[in-house]
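K.L.:
Next up is a structure, given as structure tokens.
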Amino acid sequence: MSQAGSNRSIPTTMDVLGRSPGASAPESGYEKVVILPKMREDDLAAHAWADARFAADILAEHALFFALLMPPELAAKERAEALRFQTTFGQLYERIDSAGPPARSDVKTFTAQMTEPIKEFIDYKARLGEAQTTGALRSLVWPLFFDHTRHEAERWGRRFDDLGRGESGFERKEVVAFWTNIMDEHSRFVAHLLDPDEFELIEKALSTAHVFRHLADDSVGGTVKALAQEPGTVIDSLTSNPDIDAVMSAAQTILDFKTQAVRDIEAGRIKSIIEPRLADHVRREALKFLNELKRAE
Ligand SMILES: [Fe+2]
Ligand SMILES: [Fe+2]
Numbered sequence: 040m041s042q043a044g045s046n047r048s049i050p051t052t053m054d055v056l057g058r059s060p061g062a063s064a065p066e067s068g069y070e071k072v073v074i075l076p077k078m079r080e081d082d083l084a085a086h087a088w089a090d091a092r093f094a095a096d097i098l099a100e101h102a103l104f105f106a107l108l109m110p111p112e113l114a115a116k117e118r119a120e121a122l123r124f125q126t127t128f129g130q131l132y133e134r135i136d137s138a139g140p141p142a143r144s145d146v147k148t149f150t151a152q153m154t155e156p157i158k159e160f161i162d163y164k165a166r167l168g169e170a171q172t173t174g175a176l177r178s179l180v181w182p183l184f185f186d187h188t189r190h191e192a193e194r195w196g197r198r199f200d201d202l203g204r205g206e207s208g209f210e211r212k213e214v215v216a217f218w219t220n221i222m223d224e225h226s227r228f229v230a231h232l233l234d235p236d237e238f239e240l241i242e243k244a245l246s247t248a249h250v251f252r253h254l255a256d257d258s259v260g261g262t263v264k265a266l267a268q269e270p271g272t273v274i275d276s277l278t279s280n281p282d283i284d285a286v287m288s289a290a291q292t293i294l295d296f297k298t299q300a301v302r303d304i305e306a307g308r309i310k311s312i313i314e315p316r317l318a319d320h321v322r323r324e325a326l327k328f329l330n331e332l333k334r335a336e
């Protein structure tokens, strides 16, 4: 049930999702495959396990990214704290991954184990975000990166509360509002981590951010604005087929963009300071967005 190299079996309720359609093994040392319940699967324990497994790894990576952006000369204490969170969530991930889905009657206890570590990490992100904003902390982590990762942790907290109450479904309005904002911010992160010589890609990333800001309210007006301002940028298929779901189309397009970007970063075809693990992280979040959107239909 873990990454490549493991011979443990994947639960039959799950799909293994790689970077290419149909691929279930990682194509590089930086890729992590995503394991999610099959599209028609609504078993609560399957959702609780897959989301806890996904989130524990994502949160461990947030801690890793903080540590990478906190040189000991600038933020030794904060870096050590980040590494402790990486260990906490890394161990949680290992435990969840190897144990497999809980029994239906244990879902409440299972999701409850996420609550406290997530709460502590939210506090850390809030505290350091504030310190970075005021200049009390001079790490290389932007204030928006602290806020962004805090919002993700807060949403995971709400998700595990829902699952603990027996609710595994996704509500489209919530999925669109949350993830379009996350995709907007990812695009702006990418724009600002690219080599300043990558003119075209920087512009493309910023255009993509605009589109997701307009799509946030999931209205016809938002779609029209997104199209009018950035025709063809990320929603090419929309212009030829106006009946297609604009948000779905944009989600698929940004997933394709990030998949290509991580490959180009790994191969050195894009000049940037984007760590390949960060590039794969935002790709997996785009995949999760698209997957939730399909379930919320
Ligand atoms: Fe994240
Ligand atoms: Fe993110």
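The opening position of the sequence shown corresponds to residue 40 in my numbering, with each subsequent residue numbered one higher.
The beta carbon of each residue, even a glycine, is placed where N, CA and C say it ideally should be.
Predicted model, so just to flag it, every value in this text is computed and none were measured.
Let me know the alpha helix (DSSP H) ranges lying completely inside the region 76 to 158, each 4 residues or longer, listed in chain order.
P.N.:
83 to 107, 111 to 138
K.L.:
On the criterion of 16 or more Cβ atoms from any shown chain inside 10 Å, does E112 qualify as buried, or is it exposed?
P.N.:
Counting from 1 along the sequence shown, the entry for residue 112 is found at position 73. By the 10 Å Cβ count, E112 comes out exposed.
K.L.:
Using the C-alpha atoms, what's the distance from L317 back to S48?
P.N.:
Walking along the sequence shown from the start, residue 48 turns up at place 9. Walking along the sequence shown from the start, residue 317 turns up at place 278. So the alpha carbons of these two residues sit roughly 27 Å apart.
K.L.:
Comparing C-alpha positions only, which one of T188, L75, N330 sits nearest to T52?
P.N.:
Numbered from its first residue, the sequence shown carries residue 52 at position 13. Comparing Cα positions, the closest option is L75.
K.L.:
Tell me the DSSP bridge mates of V73?
P.N.:
Here the question's residue 73 lines up with position 34 in the sequence shown. DSSP output for V73 lists L56 as bridge partner(s).
K.L.:
Measure from the alpha carbon of E314 to the alpha carbon of each residue in P60, H253, E70, then state which is nearest.
P.N.:
On the sequence shown, position 275 is the one that residue 314 refers to. Of the candidates P60, H253, E70, the residue whose Cα lies closest to the Cα of E314 is E70.
K.L.:
How many angstroms separate the CA atom of A265 from the CA atom of A115?
P.N.:
Along the sequence shown, read from residue 1 onward, the residue named residue 265 stands at position 226. Along the sequence shown, read from residue 1 onward, the residue named residue 115 stands at position 76. If you take the alpha carbons of A265 and A115, they lie about 43 Å apart.
K.L.:
Is the region 182 to 202 touching the region 122 to 135 in the sense that three or more CB pairs, one from each, lie closer than 8 Å?
P.N.:
no
K.L.:
Just to confirm my understanding: we take G57, look at its own chain, exclude 5 residues before and 5 after, and list those with CB closer than 6 Å. What are they?
P.N.:
The residue labelled residue 57 in the question sits at position 18 within the sequence shown. Within the same chain, G57 has close Cβ partners S63, V72.
K.L.:
Which partner residues of L233 appear in the DSSP bridge assignment?
P.N.:
One-based indexing of the sequence shown puts residue 233 at position 194. Per DSSP, S311.
K.L.:
Just confirm the distance between the C-beta atoms of A192 and K164, as a whole number of angstroms; I'd bet it's less than 8 Å.
P.N.:
Taking the sequence shown and counting its residues from 1, the one referred to as residue 192 is at position 153. Taking the sequence shown and counting its residues from 1, the one referred to as residue 164 is at position 125. A192 to K164, Cβ: 7 Å. Contact.
K.L.:
At what residues does the alpha helix (DSSP H) containing P182 begin and finish?
P.N.:
Numbered from its first residue, the sequence shown carries residue 182 at position 143. DSSP places P182 in the uninterrupted alpha helix (DSSP H) bounded by 182 to 203.
K.L.:
Regarding E324 and ligand 2, is the C-beta to nearest heavy atom distance less than 6 Å?
P.N.:
Sequence index remark: in the sequence shown, residue 324 carries index 285 (1-based). E324: yes, Cβ under 6 Å from ligand 2.
K.L.:
Thinking C-beta only, is L233 closer than 7 Å to I241?
P.N.:
Position 202 of the sequence shown, counting from 1, holds the residue named residue 241. Position 194 of the sequence shown, counting from 1, holds the residue named residue 233. Yes, these two residues count as a Cβ contact at 7 Å.
K.L.:
Just confirm the distance between the C-beta atoms of R194 and F217, as a whole number of angstroms; I'd bet it's less than 8 Å.
P.N.:
One-based indexing of the sequence shown puts residue 194 at position 155. One-based indexing of the sequence shown puts residue 217 at position 178. Their Cβ separation, rounded to whole angstroms, is 6 Å, which keeps R194 and F217 in contact under 8 Å.
K.L.:
What is the DSSP secondary structure of R227, reduced to helix, strand or coil?
P.N.:
On the sequence shown, position 188 is the one that residue 227 refers to. R227: helix per DSSP, three-state reduction.
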